[in-house]
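Trainee:
Chains as they are written, first to last, in my numbering: chain A, 1 to 268; chain B, 269 to 551.
1) Excluding sequence positions up to five away, which residues of its chain have a Cβ less than 6 Å from the Cβ of residue 512 of chain B?
2) Could you tell me if residue 328 of chain B is buried or exposed, where buried requires 16 or more neighbouring beta carbons within 10 angstroms of its beta carbon?
3) Who does residue 25 of chain A pair with in a DSSP beta bridge?
4) Is the Cβ-Cβ distance between residue 409 of chain B and residue 390 of chain B less than 8 Å?
5) Should residue 419 of chain B go down as buried or exposed, given a rule of 16 or more other Cβ atoms within 10 Å for buried?
6) Check the Cβ of residue 382 of chain B against every Cβ in chain A and list those closer than 7 Å, keeping chain order.
7) Would you tell me roughly how many angstroms separate the C-alpha atoms of residue 74 of chain A and residue 377 of chain B, rounded to the nearest one?
8) Closest Cβ-Cβ distance between residue 222 of chain A and chain B: below 8 Å?
9) DSSP three-state call for residue 512 of chain B: helix, strand or coil?
10) Between the Cα of residue 67 of chain A and the Cα atoms of A:162, A:172, A:211 and A:201, which residue gives the shortest distance?
11) Identify whether residue 456 of chain B lies in helix, strand or coil by the three-state DSSP scheme.
12) Compute the Euclidean distance between the alpha carbons of residue 497 of chain B and residue 297 of chain B, then round it to the nearest angstrom.
13) Since residue 251 of chain A and residue 53 of chain A should fall inside the 8 Å C-beta cutoff, what is the C-beta to C-beta distance between them, to a whole number of angstroms?
14) Please tell me whether residue 244 of chain A has its Cβ less than 8 Å away from any Cβ of chain B.
15) Taking beta-carbon pairs under 8 Å, can you tell me which members of the region 92-110 of chain A lie near chain B?
16) Are the beta-carbon atoms belonging to residue 235 of chain A and residue 385 of chain B less than 8 Å from one another?
17) State whether the region 438-450 of chain B contacts the region 368-375 of chain B, with contact taken as three or more CB pairs (one from each stretch) at a distance under 8 Å.
18) Answer yes or no: do residue 481 of chain B and residue 314 of chain B have a C-beta to C-beta separation smaller than 8 Å?
19) Would residue 225 of chain A count as contacting chain B if we go by Cβ distances under 8 Å?
20) Is residue 130 of chain A helix, strand or coil when you go by DSSP?
21) Tell me, please, whether the CB atom of residue 90 of chain A is closer than 8 Å to any CB atom in chain B?
22) Taking Cβ positions only, does residue 535 of chain B come closer than 8 Å to chain A?
23) Can you give me the C-alpha to C-alpha distance between residue 275 of chain B and residue 179 of chain A, rounded to a whole angstrom?
24) Could you check where the alpha helix (DSSP H) with residue 382 of chain B kicks off and where it finishes?
25) Where does residue 218 of chain A fall in DSSP's three states?
26) Determine whether the Cβ of residue 41 of chain A lies closer than 8 Å to any Cβ atom of chain B.
27) Can you check the region 107-176 of chain A for any beta strand (DSSP E) of at least 3 residues that lies completely inside it and give the ranges in chain order?
28) Going by C-alpha to C-alpha distance, which of B:291, B:290, B:323 and B:281 sits closest to residue 519 of chain B?
29) Would you grab the beta carbon distance between residue 76 of chain A and residue 155 of chain A for me? Rounded to a whole angstrom, and I think it's under 8 Å.
30) Can you check whether the C-beta of residue 248 of chain A is within less than 8 Å of a C-beta belonging to chain B?
31) How long is the line joining the alpha carbons of residue 503 of chain B and residue 451 of chain B, rounded to whole angstroms?
32) Beta carbon of residue 50 of chain A, beta carbon of residue 229 of chain A: below 8 Å?
33) Specify whether the region 121-131 of chain A and the region 159-166 of chain A touch according to this definition: at least 3 beta carbon pairs, one from each stretch, less than 8 Å apart.
34) Which residues in chain A have a C-beta closer than 7 Å to the C-beta of residue 300 of chain B? List them in chain order.
35) So, using beta-carbon positions, are residue 533 of chain B and residue 477 of chain B closer together than 8 Å?
36) For residue 286 of chain B and residue 273 of chain B, what's the separation of their Cα atoms in angstroms?
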């Protein structure tokens, strides 16, 4: 059994390890290890295309995560303790957003947005000389729509598990709803909100498929990586891949620590 | 009443967001799937079932998806089950958390990067070279259905391990002890106690993996070399290359229908096994 477990772990880590290893190769060949150097990291970081894609990805991930966290937390607060048809409808929306394959969400947004833009643009151009197109806005909007669902699920989970008696005690002691929210509810759900933000950021940063459809003329880092490997794997791509893996892992480990039960209490 | 109004205000941003970028686009796909192809690309209004009747034109993509997705799910299940069993029942509490984290870590990293790593392993200088060295001859692995299958199993294995682990972890050990005291051989108590009680986890894991696989694009694109097409690849082709929106929409609707069928089968199976909610908060 133990040998089996070791074999499965080897299966899980070998490919990742190979990429990390080859990224330190000194040679030009991407398929063998020739000496050791960090040259490719330097090259990747000074490649203007890589840096531009990285910057686009960071902007999209940050803005979509901020918006998703705010809207998702608001929705989670409203949904907790709510009953009736609206609740069922909203729960269904969240489920649908999470369950439908990213590719379908991407396609649907692409054709819907392009159709609307084609209708609006002649009119808009005549009025203001500007036109709508796919790009930053659609990337942020689509990633945010998806990650907002993750935030709703996380924050709602936390809200439903915490002791409501504290809220009642707070209002019995004369605190208004705002004071109760700031002093009782917010400290309780803060770790879940922060974890939701980090999760949303990482998802957006790593997402290829939705971005592929609605990026317009923008290039995010995963789109850059995808089009590069179509032309052939290089040690530079390995270096980028290694950095991306390390970055998203760090964020997700922080999120995981925040989500551990008991962090809310310890954090006060 | 102010409470209801406060709720409505809090739900407004999320509601508008879902409306504009989820419900409206999905409605557009449904409407377009009954439309016609615009000769210059894109969509022309109409009401016809032509696009649906034309679905067999992409039959091979559906066949590939509906053979490799179940095969991948099954392979992932067979590999994941013993690991989950080992983690849940054989590992000491001290190591458990560490090993579980080690299982999810790969799942957290970009699937794009993890998939292309297999280009190395399955490509000419990787496993085929090893096989040739031991005299197994010239075997081509990259750009075959097998490569796609390996990528699938690799990509989604953690998602399968987790629900099974959760189900096995909850298992009442005294049942196994009682069986052993009554002289039941281990293989029988596994078949009669452990396996049935872990079914909810098996079902949840299989459904999650299968659903994600039906919409897969990256793994076949990277490891199938354009030869192993999934429905996802057909969709990319139809929307970004040939710009046949009406037909593409019909393909997308068909994909959603397949998924809904899987979800319905899952809920029926869950009811049969009398399982509660076993979804795990796998990030």
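Think of the CB as a built atom: it goes at the ideal place given N, C-alpha and C, for glycine as much as any other residue.
Mentor: Reading from the atomic positions:
1) 305 and 506
2) exposed
3) A:36
4) yes
5) buried
6) 15 and 16
7) 29 Å
8) yes
9) strand
10) A:201
11) helix
12) 22 Å
13) The pair is not a contact, with the Cβ atoms about 18 Å apart (cut-off 8 Å).
14) yes
15) 93, 96, 97, 99, 100, 101, 102, 103, 104, 105, 107, 108, 109 and 110
16) no
17) no
18) no
19) yes
20) coil
21) yes
22) no
23) 18 Å
24) 379-390
25) coil
26) no
27) none
28) B:323
29) 4 Å
30) yes
31) 57 Å
32) no
33) no
34) 111
35) no
36) 20 Å
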